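Only one structure is covered here, and it is reproduced in the block below.
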Amino acid sequence: MIFFLARYKKYLLIIFVYLICFFAFTNFMKKQVPDTFFVENHDEEISLNGICFLKIKIKPKFNKSVLASANENSNLKAKAKIFNCIPIKNVNLEVKKRNIAIPCGTPFGIKIFTEGVMVVDVEEKLNKSIKCGDIITKINNQNINSSEEFTEFIENSKGEILNITLERKNITFCVETKASKCENTYKIGLWVIDGSAGLGTITFILHDTKIFTGLGHGIKNKYTGSILPIGNGKIYRVFISSIKKSTKNNVGELKGSIINNNMIGELKINQENGVYGYFQSSSYWPENSKIMPIAFKQEVKTGWAELIFNQEKYKVYIRKITYGNYQNIFIEIMDPRLLKEYGGILRGMSGCPIIQDDRVVGVLTGALNSDPALGFGSFAENLAINCEKLQMYYPGR
């Protein structure tokens with residue numbers, strides 16, 4: 001036995017290293033494959049285009065009679081295999097009616113008011129327990145809805161102890177403090193705001209509804225990086241006055257203003273992959289709008305695609321696809337018109353729909369600072385799911 005091990009030690013070591021590499025590789029691939037896929041048909045075979053160097057094929061493990069009895073919203077189990085023979089994980093196949101949308105690419109203005117007020121500056125001599133980025137929701141158990149309410153409450157406190165409820169990185173807690181008298185009034189050493197405003201781009205409108213999604217990313221607290229909670233949100237038409245062109249290592253931006261007397265809808269959800277709401281009327285939709293199906297994530301592939309911005313279509317190339325939560329699609333701007341006019345992607349273009357094979361496949365979420373001709377985005381499938389949830393809360397919209 002010892003002689004055998006000594007003689008074949010080299011080969012055993014090679015086999016051992018091979019097995020370690022194989023199991024490490026399969027474990028890595030397992031993490032790359034999503035747990036759930038949406039499909040229209042029960043007998044679909046799915047290939048993932050975004051996995052480098054191989055394709056993962058997923059085949060249902062049910063017989064034909066089971067598949068025939070499955071209907072919409074059925075949840076079937078399937079096996080994900082590499083090289084079409086080695087199973088690496090079980091996944092869910094959810095049979096689902098495909099969503100239809102109207103792609104937009106139209107700039108719009110956003111005004112949101114937070115649930116409470118956000119601290120933007122702190123005078124540490126007067127206050128050491130509250131930090132920039134904290135959201136103050138209550139004082140002495142009374143809701144605070146605006147910066148005016150906050151200021152009035154502090155001034156009327158007459159220096160008494162205040163119990164302040166605040167949120168910091170999604171954790172709610174209370175602190176006690178009191179205002180100090182300064183120049184015949186009471187101050188607490190905090191400067192607060194109750195909202196945010198900016199420009200973005202509408203991605204699409206869910207067909208046969210007035211529900212839309214836009215921006216491609218959430219509106220965040222710039223101090224903590226957390227998503228701002230929406231108390232009230234409005235969207236408006238905008239006037240684009242000029243652009244700051246993108247250059248290498250410097251992403252440009254759209255410059256414009258919100259037309260305050262031209263509100264076109266309301267915002268209801270602010271999430272990591274975009275904002276969601278509904279239009280007041282279909283008269284605000286793009287002219288000559290065309291309905292398109294929304295692609296399932298497994299249908300998105302590397303290759304040529306289009307980016308819609310301001311009712312113009314521009315050629316892009318999808319360089320890479322991944323299957324994480326948010327950044328899934330990596331694109332390169334190939335259209336000479338967009339490169340010449342804008343220098344690449346601009347701030348304010350976040351939310352532009354990405355079209356491939358006459359389907360809405362994704363949404364632009366940002367650009368690389370080092371090269372604004374390169375950008376990234378999310379799957380349109382994820383946005384459509386959130387639109388459906390909004391429709392459940394606001395039926396008839």
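Counting in my numbering, the sequence shown tops out at residue 397, every number present. Cβ atoms here follow ideal geometry from the backbone N, Cα and C, with glycine treated the same way. Model, not experiment: these values are computed from the prediction.
Check the C-beta distance from ILE258 over to GLY109 and give it rounded, since I have them as a contact under 8 Å.
3 Å
Distance between beta carbons of TRP304 and LYS313, contact taken as under 8 Å:
Contact flag wrong, Cβ pair sits at about 12 Å.
Please classify GLN356: is it buried, with 16 or more other beta-carbons within 10 angstroms of its beta-carbon, or exposed?
buried
Minimum C-alpha distance to LYS128 - residue among ILE188, PRO336, SER157 and LEU93:
The residue with the shortest Cα to Cα distance from LYS128 is ILE188.
Strand pairing of GLU94, partner residues [DSSP]:
Answer by DSSP bridge pairing, in chain order: PHE38 and ASN75.
Please classify CYS104: is it buried, with 16 or more other beta-carbons within 10 angstroms of its beta-carbon, or exposed?
buried
Below 7 Å between beta carbons: does that hold for ALA101 and VAL360?
yes
CA-CA distance, THR165 and LYS138?
5 Å
Are LEU254 and GLY348 closer than 7 Å when you measure CB to CB?
yes
Would you call the segment 370-379 in contact with the segment 319-337, where contact means no fewer than 3 C-beta pairs closer than 8 Å?
By the Cβ criterion, the segment 370-379 is in contact with the segment 319-337, since at least three pairs of Cβ atoms, one from each stretch, lie closer than 8 Å.
Alpha carbon to alpha carbon, what distance is there between GLU306 and SER246?
20 Å
Alpha helix (DSSP H) segment containing GLN398, residue limits
Outside the displayed span of the chain (1 to 397) sits residue 398, for which this structure offers no information.
CB VAL275 to CB GLY256, shorter than 7 Å?
no
For GLN311, count the other beta carbons within 10 Å of its own beta carbon; 16 or more makes it buried, fewer makes it exposed. Which is it?
exposed
So, helix, strand or coil for CYS21, using DSSP?
helix
Which full runs of the beta strand (DSSP E) of 3+ residues lie inside the segment 116-181, going along the chain?
135-139, 161-168 and 171-178
LYS244, enclosing beta strand (DSSP E) - first and last residue:
230-244
Presumed contact (8 Å Cβ cut-off) between VAL251 and ALA367, rounded CB distance
About 5 Å separates the beta carbon of VAL251 from that of ALA367, a gap short enough to meet the 8 Å contact definition.
Helix, strand or coil: how does DSSP classify LYS313 here?
strand
In whole angstroms, what separates the C-alpha of GLU183 from that of VAL192?
20 Å
Going by CA-CA distance only, name the one from CYS85, THR201, GLY233 and GLY218 that's closest to TRP285.
Taking each of CYS85, THR201, GLY233 and GLY218 in turn and checking the Cα distance to TRP285, the smallest one comes out for THR201.
Straight-line CA distance for GLY195 to ILE135?
11 Å
Within this structure, are the beta carbons of CYS132 and VAL117 separated by less than 7 Å?
no
Other residues of its chain near SER69: CB distance less than 8 Å, five sequence neighbours each side excluded:
Any reading at SER69 must be qualified, since the residue scores a pLDDT of 48, below 50, and its modelled position is unreliable; the value itself is stated next. Counting only Cβ-Cβ distances below 8 Å, and skipping sequence neighbours, we find nothing.
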